[in-house]
Amino acid sequence: MNRLPLIILLFMAGIIFNCLRQLLTWSVSLTYDVLAGCSLACLVLVALGFIMEMIAYRRMLRRRRGGHHEA
Numbered sequence: 080m081n082r083l084p085l086i087i088l089l090f091m092a093g094i095i096f097n098c099l100r101q102l103l104t105w106s107v108s109l110t111y112d113v114l115a116g117c118s119l120a121c122l123v124l125v126a127l128g129f130i131m132e133m134i135a136y137r138r139m140l141r142r143r144r145g146g147h148h149e150a
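Read in order, the letters of the sequence shown correspond to residues 80 to 150 in this note's numbering.
Structure follows, in structure tokens:
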């Protein structure tokens with residue numbers, strides 16, 4: 080059961096690579112467009128994750144310093 084996530088990841092990667100292989104035999108330019116779109120989407124997701132991590136880190140620092148003062 081400890082290797083279940085790895086098995087799922089490999090299975091999904093196999094399905095994705097098979098779809099890309101079939102798409103490549105059908106249309107090379109469409110395959111490049113799909114890969115470019117997926118790369119752009121992954122880049123955007125990584126950037127959003129980085130921004131969210133920075134926001135969480137700054138909130139943690141603010142709480143640690145006791146930034147909530149009541150008037």
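Where a beta carbon is used, it is the ideal one built from N, C-alpha and C, also for glycine.
The structure displayed is predicted, hence computed values, not measured ones.
Per DSSP, the unbroken alpha helix (DSSP H) holding G93 starts and ends at 83-105.
The beta-carbon distance between T110 and L99, rounded to whole angstroms, is 7 Å. This is short enough to meet the 8 Å contact definition. Judged by their CB atoms, L102 and V113 are nearer to each other than the 8 Å cut-off. Rounded to the nearest whole angstrom, the CA to CA distance from R144 to R138 is 10 Å.
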